[in-house]
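Below is one structure, written out as structure tokens; comments come after it.
In the numbering used here, the protein residues as written are 1 to 321.
In structure tokens:
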């Protein structure tokens, strides 16, 4: 709605022209001689029947500029700046007001949809997400998504940006050691030593599990495809051996950013020789925060796709760009 006018020619405050304005080949909008709160453009003709703007951004939305006292409406282009990157932030609305950078990628004008998979989410968290455009070193306005996301999962997962393995069968967790560094000095005249504590405070432990293919699980153990089991096992071992941080996520909400080492395979005996347990040790290397994620290669990127519209305003996908 713009000053109680709509461009569908509907109602008392409909279009001032006899017919609706065509939006074909619409590349630029010029506004003036008025007080403007918001400019909304969509190819969804159903909006004209209901006379209501959607609450959330939709694929058929072309523009939704909320000026809020500034003509920029959140755009960096007003001062000649060109967006070069997009940053994605999240926060748990039940815990903190601080935003955590979880994704960053180059802006490409040839694509208009960016898909982000958050594999480092805490169970039972309620996340809000927000995007921030970047023009070289100039930051735009942080724009929140309209919906919060509730995270729900069961079990234990080992994840990084590209992988997400569920540790499900014959899981065995070893004792967790809480490491605190200290120095002990003996005195000549005193009865007791002098102990000085450092700032280190991290966890170490190990775990083992039995990886199984979906084929093996669905057969309920009646058939073992040795080749498939080996290929799955190799993919998990390669993931654990790969450099970079891993995140061990538990359904109880525990999140451990860790470095993995000492990966071993232990074959089962007898008729189960094609199955092997995998075990590894891990060392906690930091909290799930920007510094740890940046150094550990845990700042994600996005998949890119593109869509256009046909003459009826229906969506045409072109994932190949």
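Glycine included, every Cβ here is placed at the ideal spot set by N, Cα and C.
On a predicted model such as this, the values are computed, not experimentally measured, just so you know.
Would you call the CB atoms of residue i and residue j closer than 7 Å?
| i | j | result |
| --- | --- | --- |
| residue 297 | residue 103 | no |
| residue 85 | residue 107 | yes |
| residue 249 | residue 157 | yes |
| residue 122 | residue 93 | no |
| residue 280 | residue 260 | yes |
| residue 179 | residue 202 | yes |
| residue 175 | residue 204 | no |
| residue 193 | residue 186 | yes |
Might you give, ordered along the chain, the residues of its own chain that have their beta carbon closer than 7 Å to the beta carbon of residue i, omitting 5 neighbours on each side?
| i | result |
| --- | --- |
| residue 226 | 274 |
| residue 241 | 263 |
| residue 130 | 89, 99, 142, 143, 144 and 145 |
| residue 3 | The predicted model places residue 3 with a pLDDT of 48, which falls under 50 and marks its position as unreliable; any figure quoted below should be read in that light. So the list reads 34, once near-sequence residues are dropped. |
| residue 268 | 275 and 276 |
CB-CB under 6 Å to residue i, same chain, minus the five flanking residues each way: which ones, in chain order?
| i | result |
| --- | --- |
| residue 277 | 208, 210 and 266 |
| residue 117 | none |
| residue 317 | 307 |
| residue 212 | 169 |
| residue 288 | 255 and 257 |
| residue 303 | 115 |
How would you label residue i, buried or exposed, when you count the other beta carbons within 10 angstroms and need 16 or more for buried?
| i | result |
| --- | --- |
| residue 97 | exposed |
| residue 88 | buried |
| residue 219 | exposed |
| residue 160 | buried |
| residue 247 | buried |
| residue 282 | buried |
| residue 229 | buried |
| residue 312 | exposed |
| residue 76 | Here residue 76 scores only 47 on pLDDT, less than 50, and its place in the model should not be relied on; the value that follows carries that caveat. With 16 or more other Cβ atoms within 10 Å, it is buried. |
| residue 195 | exposed |
| residue 138 | exposed |
| residue 91 | buried |
| residue 191 | exposed |
| residue 293 | buried |
Assuming the contact rule is C-beta atoms closer than 8 Å, residue i and residue j should be a hit. Round their C-beta distance to whole Å, please.
| i | j | result |
| --- | --- | --- |
| residue 151 | residue 124 | 6 Å |
Name the DSSP beta bridge partners of residue i, please?
| i | result |
| --- | --- |
| residue 187 | Beta-bridge pairing links residue 187 to no other residue. |
| residue 277 | 266 |
| residue 41 | 63 |
| residue 143 | 131 |
| residue 208 | 172 and 279 |
| residue 309 | 315 |
| residue 87 | 104 and 132 |
| residue 247 | 159 and 257 |
| residue 178 | 203 |
Give me, in chain order, the residues of the same chain whose beta-carbon lies closer than 8 Å to that of residue i; leave out the 5 immediate sequence neighbours on both sides.
| i | result |
| --- | --- |
| residue 40 | 1, 53, 61, 63, 64 and 65 |
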